[in-house]
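**Q** My questions will all concern the structure given below.
There are 4 protein chains.
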Amino acid sequence: MTHNVAILGASGYTGAELVRLIATHPSLKIVGLSGNSKAGLHMAEVFPHLRHLDLPRLTTIDEMIFDDVEIVFCGLPHATSQQVIASLPQSVRVVDMSADFRLRDPADYEKWYGKPHAAPELQKTAVYGLTEFYRDQIKDARLVAGTGCNAATGQYALRPLIAAGAIDLDHIIIDLKAAVSGAGRALKENLLHAELSEGAHAYAVGGTHRHLGEFDQEFSAVAGRPVHVQFTPHLIPANRGILATTYVQGDASAIYDTLSVAYADEPFIKVLPMGQHPSIKHIRASNFCHIGVVADRVPGRVMVIAALDNLTKGSSGQALQNANLMLGLPETDGLMQAPVFP
Amino acid sequence: MTHNVAILGASGYTGAELVRLIATHPSLKIVGLSGNSKAGLHMAEVFPHLRHLDLPRLTTIDEMIFDDVEIVFCGLPHATSQQVIASLPQSVRVVDMSADFRLRDPADYEKWYGKPHAAPELQKTAVYGLTEFYRDQIKDARLVAGTGCNAATGQYALRPLIAAGAIDLDHIIIDLKAAVSGAGRALKENLLHAELSEGAHAYAVGGTHRHLGEFDQEFSAVAGRPVHVQFTPHLIPANRGILATTYVQGDASAIYDTLSVAYADEPFIKVLPMGQHPSIKHIRASNFCHIGVVADRVPGRVMVIAALDNLTKGSSGQALQNANLMLGLPETDGLMQAPVFP
Amino acid sequence: MTHNVAILGASGYTGAELVRLIATHPSLKIVGLSGNSKAGLHMAEVFPHLRHLDLPRLTTIDEMIFDDVEIVFCGLPHATSQQVIASLPQSVRVVDMSADFRLRDPADYEKWYGKPHAAPELQKTAVYGLTEFYRDQIKDARLVAGTGCNAATGQYALRPLIAAGAIDLDHIIIDLKAAVSGAGRALKENLLHAELSEGAHAYAVGGTHRHLGEFDQEFSAVAGRPVHVQFTPHLIPANRGILATTYVQGDASAIYDTLSVAYADEPFIKVLPMGQHPSIKHIRASNFCHIGVVADRVPGRVMVIAALDNLTKGSSGQALQNANLMLGLPETDGLMQAPVFP
Amino acid sequence: MTHNVAILGASGYTGAELVRLIATHPSLKIVGLSGNSKAGLHMAEVFPHLRHLDLPRLTTIDEMIFDDVEIVFCGLPHATSQQVIASLPQSVRVVDMSADFRLRDPADYEKWYGKPHAAPELQKTAVYGLTEFYRDQIKDARLVAGTGCNAATGQYALRPLIAAGAIDLDHIIIDLKAAVSGAGRALKENLLHAELSEGAHAYAVGGTHRHLGEFDQEFSAVAGRPVHVQFTPHLIPANRGILATTYVQGDASAIYDTLSVAYADEPFIKVLPMGQHPSIKHIRASNFCHIGVVADRVPGRVMVIAALDNLTKGSSGQALQNANLMLGLPETDGLMQAPVFP
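Residue numbers (UniProt numbering), protein chains in the order written: chain A, 1 to 342; chain B, 1 to 342; chain C, 1 to 342; chain D, 1 to 342.
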C-alpha cells in the first residue's frame with residue numbers, strides 16, 4: 001500500500017534530505033513539492049543530486065492539492081510555518097520541521113522567538129517530536145513538532161539521566177559542536193566557505209540560543225522542577241553532524257547503566273561501550289545517534305558525549321521516523337541506510 | 001532467496017563501502033569478512049560507523065570458510081590479490097576490486113606494474129568490470145576485474161565517442177580531479193589532513209599513472225587502432241569524488257547525441273542537458289555518474305565532463321552492480337540510494 | 001620616509017589582504033580606508049583578524065581626504081571602479097584591483113563586460129599590471145590595472161613560451177583549479193561552505209570567462225597574431241590558491257629552458273627543477289608563484305603547471321609590488337613573507 | 001648585529017614554522033638545520049614552500065657544528081629531546097619545543113610520560129616558557145621549555161583569574177577544540193584527510209591528556225593549593241588553531257576586568273570587548289591570542305574563550321618570542337605578521 005506525502009519548503013536542506021530518504025522508502029510516494037521562490041522548476045534544477053528521481057515539479061503552496069495527501073512534511077522557515085500549517089485542511093496530518101510548535105507554553109514561545117504565536121490553539125495540540133520519548137502520542141497526533149537539532153542531541157545524552165535523578169541538576173553544561181548545514185541554505189557571510197573553513201567559534205553564547213527553550217521545557221518537565229542548563233554551541237568547519245559534549249556530576253557507572261537501559265531496545269540510539277565516545281564522522285548521513293560515557297580523573301565528574309547528523313536524526317530522519325509511526329509502518333522504514341564513511 | 005557473500009580485505013575503504021551498500025541490499029548476506037591485520041576484531045572496532053550491523057567478526061583469509069559462499073568480493077592490495085584469488089576454491093565466483101586483473105595482456109601488466117603477473121592463466125579468464133560495456137560477459141564470468149576509478153570516469157566520458165568515431169583520436173586530454181579516498185587508507189604523508197586540506201596538485205604527471213594502461217587497452221580496442229590519451233590526475237581536498245574534464249575535438253552536437261543515445265537506458269549514467277556540466281557534490285556516496293557536454297567558443301573544440309564517486313560507482317558500487325548481474329538479480333539492487341547532499 | 005596610501009573597498013577580501021601585507025611594510029602608512037556599506041566601523045569590527053593594528057576608521061569614499069595620499073589602492077567591484085577612479089584627484093596615483101582597466105580596447109571591454117566603458121579616456125592611460133612584463137611602464141604610470149587572478153596564473157605559465165615561439169599557438173589548453181576566495185565575499189549560494197566543501201566543478205565553461213579577454217589581448221599581442229586559448233576554470237574546496245595545468249605542444253627541454261631564463265632574476269617566480277610541479281599548498285598566503293614543466297609520455301606533448309595565491313600574487317600582493325615600483329621602493333618590500341604551511 | 005641560530009628537528013611542522021617566522025626576522029640567521037631521517041636534503045625537498053629561502057642543507061645532529069650558534073631551537077620528539085639537549089655544549093642556549101622539560105617535578109614527569117626523566121638535573125634548570133608569565137626568568141635562562149599548545153591556550157584564559165581568586169577553583173572546565181597540526185606530521189590513521197575531514201570527536205577524555213600535567217603544575221602554583229581542572233580536547237577538521245571554551249564560576253565583570261588589566265600591555269594577547277568572543281579564523285598563522293568573556297544567563301556562570309594558533313603562539317612563535325627575550329631583542333621581532341584571513 002502506498003501512502004501519499006507532500007513536502008512544503010522542498011528547496012531547503014531539510015526538504016532535500018527528506019526526498020533523499022523517501023527515495024528508498026518502501027511505501028511513501030511524494031505527490032507534492034512546494035518551494036515558493038522556485039515554483040515551476042524541476043527538483044533537478046534546484047538540487048541536481050536528485051536528478052535520477054521521478055518527482056513532481058515544484059509549485060507554490062497555494063497551487064498544491066492536498067486531497068490525496070496523508071502526511072505533509074513542513075520544512076518552511078520559522079514563523080511562516082505556523083501560518084501555513086494553520087491553513088492546511090484538517091484531513092492531512094502534519095510533521096513540522098520548523099521551530100514553530102516546539103514550545104508548549106505561548107509565553108515561552110514569545111520569550112524565545114520575540115513575538116506572540118500566530119496559531120496558539122494549534123500549538124496546544126502539537127506533540128513534541130523526540131520520537132523515543134513521545135512515541136505513543138506521536139502515533140495518534142495530527143501535528144508533530146520536530147525538535148531542534150541541537151536540542152535533540154543534548155536530550156539524547158541527558159534526558160534519561162535527569163529522569164532517573166542520576167545527575168546533579170544544577171551543574172549541567174552542554175558544549176556543542178555543530179556543522180554548518182544546521183544553519184540552512186541561508187546567504188549569510190559567516191556561512192561562506194571562505195569564512196568558515198579553517199575556522200571555529202562559539203555562537204549564541206551566554207544562554208541566548210533558542211534551543212534552550214526546548215532544554216528548559218523538556219528537562220524541567222522530566223525533573224519536576226526548573227532545570228537551566230548552561231549551553232554553548234560552536235560552529236565547526238564541517239557540513240553535517242553535531243557533537244554534544246556534556247559535563248555532568250554523578251556516578252559514572254550509574255550514568256552508564258541508566259543510558260544503556262533506556263536505549264537498549266532503540267533501533268537508532270547506540271550506547272558505546274563504557275569509556276568510548278563518538279565522532280560525527282561515524283553517524284554521517286544516517287539516522288543513528290551514538291552516545292558515550294567517560295568518567296573523569298576526579299570521581300563524580302562525568303562526560304556524556306552524543307553525536308548525530310543534524311539533517312537526518314536531528315531533522316528530516318526524525319520527521320520520517322515520526323511519519324512512519326503515524327502511518328502504522330515499521331519505524332525504521334527508509335531509515336536503515338548505514339552512515340557514509342569516509 | 002538469500003545469497004551468501006564474503007569480503008576479503010574488509011578493513012579498507014572499499015571493503016567498508018561494500019558493507020555499507022550491502023547493508024540495505026534485499027538479498028545479499030555477508031557471511032565472511034577478512035582483514036589479516038585486524039583479524040579477531042569486530043567491524044565496529046575497525047569502522048565504528050558500521051556499529052549497528054550484525055556482522056561476522058574479522059578473520060584471516062586462511063580461517064575463512066567458503067563452502068556456502070556464492071560471491072567473494074576482493075578488496076585486497078594490488079599484487080596480493082592475484083595470489084589470493086588464485087587459491088580460492090573454484091566454486092566461488094569473484095569480484096575483484098584491485099588492479100590485478102584489469103589488463104588482459106601480461107606484457108601490459110608487467111609494463112605498468114613492474115613485475116610479471118603471478119596468475120597469468122587466471123588473468124586470461126577475467127572480464128573487465130565496466131558494467132555498461134561488458135554486461136553480457138559479466139553475467140557469466142567467474143572472475144570480474146573491477147576497473148580503476150579514474151579509468152572508469154574517463155571511459156564513461158569518452159568510450160562511446162571513440163567507438164562512434166565522433167572525436168579526433170590523436171587529441172584527447174583527460175584532466176582529472178580526484179578526492180583522496182581513492183588512495184585508500186594508506187599512511188602516507190601527502191594524505192594527511194594537514195598536508196592535503198587547502199592544497200591541490202597534480203600527480204603521476206606525464207603519463208605514468210597506471211590507469212593509463214586501462215585507457216590504452218580499452219580505447220585502442222574500441223577504436224581498432226592505438227589510442228594514447230594525455231592524462232593528468234590531480235589530488236583535491238575532498239574525500240569522495242572524481243571529476244574528469246576531457247578536452248576533445250569534434251562536433252559538439254554529434255558528441256552530445258552520441259552520449260545521449262549510448263546511455264539512454266542506463267539506470268546510473270545520466271547525461272545532463274546540453275551545455276550543463278556536473279559536480280562531484282551531486283553524486284556523492286551514490287552509484288550515479290553525471291556527464292555534461294559543453295562546446296567551446298572555438299568551433300570543433302569540446303569539453304566532456306564526467307563525475308562519479310570513486311568509492312561507489314568507481315569501485316564498490318560497481319562491484320555490487322556486477323555481482324547483481326552475476327547472480328541474476330536486478331542490477332540496481334542495493335544501489336538506488338540517492339546522493340548525499342550537502 | 002613614509003608614503004601615505006589609502007584603500008578604497010577595504011571591506012572586501014582584497015582590501016583586507018592588502019592591509020595584512022602593508023602591516024609589516026617598512027614605509028607605507030595607511031591613512032584612509034573606505035567601505036561604503038561599513039562606513040563608521042572600525043576595521044576590527046569588519047575583520048577581527050586585524051584587531052591589533054592601529055588603523056583609520058572606515059569612511060565613505062566621499063568623506064575621504066586625498067590631500068596627503070600618494071597611492072590609492074582600489075578594491076571596489078567592477079563597474080563601480082571606473083566611475084570612482086575617474087573622479088579621483090589627479091594628484092593621486094592609482095593601483096586598481098578591479099577588472100575595469102585591464103582591457104585596452106573599448107570594444108573588447110564592451111564584449112566581455114556587456115556594456116560600454118564609462119571612462120574610455122582613462123582606460124587608454126592604464127598600464128596592465130602584470131609586474132614582471134610591464135615593469136618599466138608601471139614605474140611611471142598614474143593608473144595600473146591589476147590583472148585577473150586566473151589571467152595572471154595562466155600568463156606566468158605561458159607568456160614567455162608564446163613570446164619565444166616555443167609552443168604551438170593553436171593548441172593551448174588551460175585547465176585551472178581555483179579556490180573560492182577569488183569570488184570575493186559575495187553572498188552566493190554556491191559559495192556557501194555546505195555547497196562547496198566536498199564539491200568540485202567547472203564554471204564558465206566553453207569560453208565565457210571574462211579573464212579570456214585578458215588572455216586574448218596579452219597572448220595575441222605577444223604572438224603578433226590572434227591567439228585563442230581554450231580555458232576552463234574549476235572551483236575546488238579551498239580558500240586560497242590557483243593551480244593552472246596547461247597543455248601545450250612543443251619541445252619539453254626548450255620550454256623548460258625558456259621559462260628558466262625568463263624568470264631567472266625574478267624574486268617571486270620560481271621555476272622548479274625539470275619534471276617537478278607545484279601545489280597551491282606551497283605558495284599559500286605569499287607572493288610567490290611556482291612553475292613546473294613535465295614532458296608527457298608522447299613526445300611533443302608538455303604540461304606546464306603554475307601555482308599562486310589568488311589574493312596575494314594574484315591580486316593584493318601584485319598591487320603592492322606595483323606600488324613599490326611606482327614609489328621607487330625595493331620591489332619586494334612587505335612581500336617576502338614565506339608561504340604558510342601547513 | 002646578527003645572531004646565529006640552529007634548529008634541531010627541522011623536518012617537522014614546528015621546525016618549518018620557525019623557519020617561516022625567522023625568514024623575515026631582522027637579526028636572526030639560521031646556520032644549522034637538522035633532521036636525521038632527511039639528512040642531506042635541501043629544505044625545499046622536505047618543505048617546498050620554503051624554496052625561495054637560502055638555507056643550510058639538513059644534517060644529522062651529530063654533524064652539526066655549534067661553535068657560532070647562540071640559540072638552538074629544538075623541535076625533536078618527546079623523550080629524544082632530553083637526551084639531545086643534555087649533550088649540547090654549555091655554550092649554546094636552548095629553546096625546547098618538546099614536552100620534555102615542562103614539568104618541574106620528576107615524579108610528575110614520570111606520572112604523565114610513563115618513565116623516569118633522563119636528564120633530571122637539567123630539568124631543574126629549565127624555565128617554563130609561557131612568555132607573559134615567566135618573562136624575567138626567560139631572559140636569563142639557558143634552557144626554556146616551550147609549553148604545550150593546549151596548555152598555553154587554557155592558561156591564557158584562566159591563569160590571571162586563578163591568581164586573582166576571581167573564580168571558583170573547584171569548578172573549572174576546559175572544553176578545547178584543536179586543529180590537527182598540533183599532532184605533528186605523524187603518520188596516524190586518524191590524521192588522514194579522509195578520516196578527519198567532516199569529522200569531530202573528543203580525545204584523551206577523562207583526564208588522560210598530558211597537558212593536564214602542566215595545568216595542574218601551573219594552576220596549583222598560582223593558586224597556592226591543588227587545582228585539578230576538567231579538560232576535554234576535541235579534534236576538529238582544521239589545520240591550525242585552538243579554541244578553548246572554559247566554563248568558570250565567578251562575577252563576569254570582575255573576570256573581565258582581571259583579564260583586561262593582566263593583558264593591558266601585552267603585544268600579543270588581546271582581550272575582546274565584553275560579550276564578544278574569538279574565532280581561530282582570526283588568529284591563524286599569527287602570534288596573537290584573542291580572549292573573550294561572556295556572562296551566562298544564570299548569574300555567576302561565565303564563559304572565558306581563548307583562541308590561538310597552535311603552531312605559532314602555541315609553539316614556534318612562542319619559541320621565537322622567548323629567543324628574542326634571551327637575546328635582548330625587541331620581543332616582537334619577526335612576530336608582527338597579521339593573521340591570514342580568509
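Note that beta-carbon positions come from the ideal geometry of N, C-alpha and C, so glycine has one too.
Note that the structure is predicted; figures quoted are calculated from it, not measured.
1) Using a Cβ-Cβ cutoff of less than 7 Å, which residues in the same chain neighbour Gly-184/A once the five nearest sequence positions on both sides are dropped?
2) Are the stretch 107-123 of chain C and the stretch 171-182 of chain C touching, with three or more C-beta to C-beta distances below 8 Å?
3) Return the residues of the stretch 310-340 of chain D that lie within a Cβ-Cβ distance of less than 7 Å from chain C, sorted by chain order.
4) Please determine, among Ala-10/A, Asp-108/A, Lys-270/A and Ala-223/A, the residue with the shortest C-alpha to C-alpha distance to Phe-73/A.
5) Taking the beta carbon of Thr-232/A as the centre, do at least 16 other beta carbons fall within 10 Å, making it buried, or is it exposed?
6) Does chain E have any CB closer than 7 Å to the CB of Thr-80/A?
7) Below 7 Å CB to CB, which residues in the same chain sit around Ala-223/C once its five sequence neighbours on both sides are set aside?
8) Is there a C-beta anywhere in chain B that falls below 7 Å from the one on His-49/C?
9) Less than 8 Å between the CB atoms is what I'm expecting for Ala-307/D and Ile-280/D, so what's the real figure, rounded?
10) Taking Cβ-Cβ distances below 7 Å as the criterion, which residues of the stretch 90-113 of chain B are in contact with chain D?
11) Within this structure, are the beta carbons of Val-294/D and Val-248/D separated by less than 7 Å?
12) Suppose you measure from the CA of Ile-61/C to the CA of Ile-30/C; what does that come to, to the nearest Å?
13) Compute the distance between the beta-carbons of Ile-65/B and Ala-166/B, then report whether it is under 7 Å.
14) With DSSP collapsed to three states, give me the class of Gln-90/A.
15) Which same chain residues end up closer than 6 Å to Gly-75/B when comparing Cβ atoms and leaving out the 5 residues on each side of it in sequence?
16) How big is the Cα-Cα spacing for Leu-320/D and His-282/A?
17) Quick check: what's the CA-CA separation for Arg-102/D versus Tyr-128/B?
18) Checking contacts by CB at 7 Å: is Ser-181/A closer than that to chain C?
19) Can you tell me whether Gly-334/C is buried or exposed? The criterion is at least 16 other CB atoms within 10 Å of its CB, across all chains shown.
20) Can you grab the Cα-Cα spacing for the pair Ala-119/C / Leu-21/C, in whole Å?
21) With distances taken Cα to Cα, identify the nearest neighbour of Lys-313/D among Glu-195/D, Ser-34/D and Ile-242/D.
22) Taking the DSSP output, what are the residues bridged to Arg-301/B?
23) Could you tell me which of Ala-221/B, Pro-299/B and Ala-44/B sits nearest to Ala-338/A, measuring between CA atoms?
24) Per DSSP, Cys-289/A forms a beta bridge with which residues?
25) Tell me which residues of the stretch 273-288 of chain D have at least one Cβ-Cβ distance to chain C shorter than 9 Å, keeping chain order.
26) Quick check: is the beta carbon of Leu-161/B nearer than 7 Å to any beta carbon in chain C?
27) Just to check my reading of the structure: Leu-18/C and Ser-316/C have Cβ atoms closer than 8 Å, yes? What is that Cβ distance to the nearest angstrom?
28) Roughly how many whole angstroms lie between the Cα atoms of Arg-104/B and Gln-123/B?
29) Looking at Thr-131/C and Asn-322/C, is the spacing between their C-beta atoms short of 7 Å?
30) Keeping to the same chain, check which residues put their C-beta closer than 7 Å to that of Glu-195/D; ignore five residues upstream and five downstream.
31) Taking the alpha carbon of Val-92/A as the reference point, which residue from Asp-108/A, Pro-267/A and Ala-141/A has its own alpha carbon closest?
32) Excluding five sequence neighbours on each side, which residues of the same chain lie with their C-beta closer than 8 Å to the C-beta of Ala-86/B?
33) Is the shortest distance between the beta-carbon of Ala-204/B and the beta-carbons of chain D less than 7 Å?
34) Report the partner residues of Gly-32/A according to the DSSP bridge assignment.
35) Check whether the Cβ atoms of Thr-246/B and Val-304/B lie closer than 7 Å to each other.
36) What is the rounded straight-line gap between the Cα of Leu-192/D and the Cα of Leu-191/B?
**A** With the structure as the only source:
1) The residue you call residue 184/A lines up with position 184 of the first sequence. Gly-12 and Tyr-13, listed in sequence order.
2) no
3) Met-336, Gln-337, Ala-338, Pro-339 and Val-340
4) On the first sequence, position 73 is the one that residue 73/A refers to. That would be Ala-10/A, whose Cα lies nearest to the Cα of Phe-73/A.
5) Position 232 of the first sequence holds residue 232/A. Burial call: buried.
6) The question asks about chain E, but that chain is absent: this structure's protein chains are A, B, C and D.
7) Here residue 223/C refers to the residue found at position 223 of the third sequence. Cβ within range, chain order: Ile-162 and Leu-169.
8) Counting from 1 along the third sequence, the entry for residue 49/C is found at position 49. So no, His-49/C is outside the interface.
9) Numbered from 1 along the fourth sequence, position 307 holds the residue referred to as residue 307/D. Numbered from 1 along the fourth sequence, position 280 holds the residue referred to as residue 280/D. Contact flag correct, Cβ pair sits at about 5 Å.
10) Listed by position, the residues of the stretch 90-113 of chain B near chain D (Cβ gap below 7 Å) amount to none.
11) Your numbering for residue 294/D matches position 294 in the fourth sequence. Your numbering for residue 248/D matches position 248 in the fourth sequence. No, Cβ-Cβ distance for Val-294/D and Val-248/D is not below 7 Å.
12) Residue 61/C sits at position 61 when you count from the first residue of the third sequence. Residue 30/C sits at position 30 when you count from the first residue of the third sequence. Taking the straight line from one Cα to the other gives about 15 Å.
13) Start at 1 with the first residue of the second sequence, and residue 65/B comes out as number 65. Start at 1 with the first residue of the second sequence, and residue 166/B comes out as number 166. No. Outside cutoff.
14) What you label residue 90/A is simply residue 90 of the first sequence in a count that begins at 1. Gln-90/A: coil per DSSP, three-state reduction.
15) Position 75 of the second sequence, counted from the first residue, corresponds to residue 75/B. Closer than 6 Å at the Cβ level, and outside the excluded window around Gly-75/B, lie Gly-9, Gly-12, Thr-14, Gly-15 and Met-97.
16) Indexing the fourth sequence from 1 puts residue 320/D at position 320. Indexing the first sequence from 1 puts residue 282/A at position 282. C-alpha separation (whole angstroms): 40 Å.
17) Your numbering for residue 102/D matches position 102 in the fourth sequence. Your numbering for residue 128/B matches position 128 in the second sequence. Put simply, the backbone Cα of Arg-102/D is about 60 Å away from that of Tyr-128/B.
18) Along the first sequence, read from residue 1 onward, the residue named residue 181/A stands at position 181. Chain C, which has a Cβ nearer than 7 Å to the Cβ of Ser-181/A, makes this yes.
19) Taking the third sequence and counting its residues from 1, one reaches residue 334/C at position 334. Buried, by the Cβ-count rule.
20) Along the third sequence, read from residue 1 onward, the residue named residue 119/C stands at position 119. Along the third sequence, read from residue 1 onward, the residue named residue 21/C stands at position 21. Whole-angstrom Cα-Cα distance: 30 Å.
21) Walking along the fourth sequence from the start, residue 313/D turns up at place 313. Measuring from the Cα of Lys-313/D, the nearest candidate turns out to be Ile-242/D.
22) Position 301 of the second sequence, counting from 1, holds the residue named residue 301/B. Partner(s): Gln-249/B.
23) On the first sequence, position 338 is the one that residue 338/A refers to. The shortest C-alpha separation from Ala-338/A is found at Ala-44/B.
24) Your numbering for residue 289/A matches position 289 in the first sequence. In the DSSP output, where bridge partners are listed per residue, Cys-289/A has Ile-269/A.
25) Gln-276, Pro-278, Ser-279, Lys-281, His-282, Ile-283, Arg-284, Ala-285, Ser-286 and Phe-288
26) Translated into positions along the second sequence, residue 161/B becomes position 161. Taking Cβ atoms only, chain C never reaches closer than 7 Å to Leu-161/B, which makes this a no.
27) Within the third sequence, the letter at position 18 stands for residue 18/C. Within the third sequence, the letter at position 316 stands for residue 316/C. 4 Å between Cβ atoms; contact.
28) Sequence index remark: in the second sequence, residue 104/B carries index 104 (1-based). Sequence index remark: in the second sequence, residue 123/B carries index 123 (1-based). Rounded to whole angstroms, Arg-104/B to Gln-123/B spans 7 Å at the Cα level.
29) Within the third sequence, the letter at position 322 stands for residue 322/C. Within the third sequence, the letter at position 131 stands for residue 131/C. It is a contact, given that the beta carbons lie within the stated cut-off.
30) Counting from one through the fourth sequence, the residue named residue 195/D turns up at place 195. Hits under 7 Å: Glu-189.
31) The count along the first sequence starts at 1 and reaches residue 92/A at position 92. Of Asp-108/A, Pro-267/A and Ala-141/A, the residue nearest in Cα terms is Ala-141/A.
32) In the second sequence, the residue the question calls residue 86/B occupies position 86. Counting only Cβ-Cβ distances below 8 Å, and skipping sequence neighbours, we find Ala-118, Ala-119 and Leu-122.
33) For the purposes of this step, residue 204/B is taken as the residue at position 204 of the second sequence. It does not: the Cβ of Ala-204/B has no partner Cβ on chain D nearer than 7 Å.
34) In the first sequence, the residue the question calls residue 32/A occupies position 32. Per DSSP, Ala-6/A.
35) As a working mapping, residue 246/B is identified with position 246 in the second sequence. As a working mapping, residue 304/B is identified with position 304 in the second sequence. Yes, Cβ-Cβ distance for Thr-246/B and Val-304/B is below 7 Å.
36) On the fourth sequence, residue 192/D is found 192 positions in, with the first residue counted as 1. On the second sequence, residue 191/B is found 191 positions in, with the first residue counted as 1. Each residue's Cα considered, the two are about 6 Å apart.
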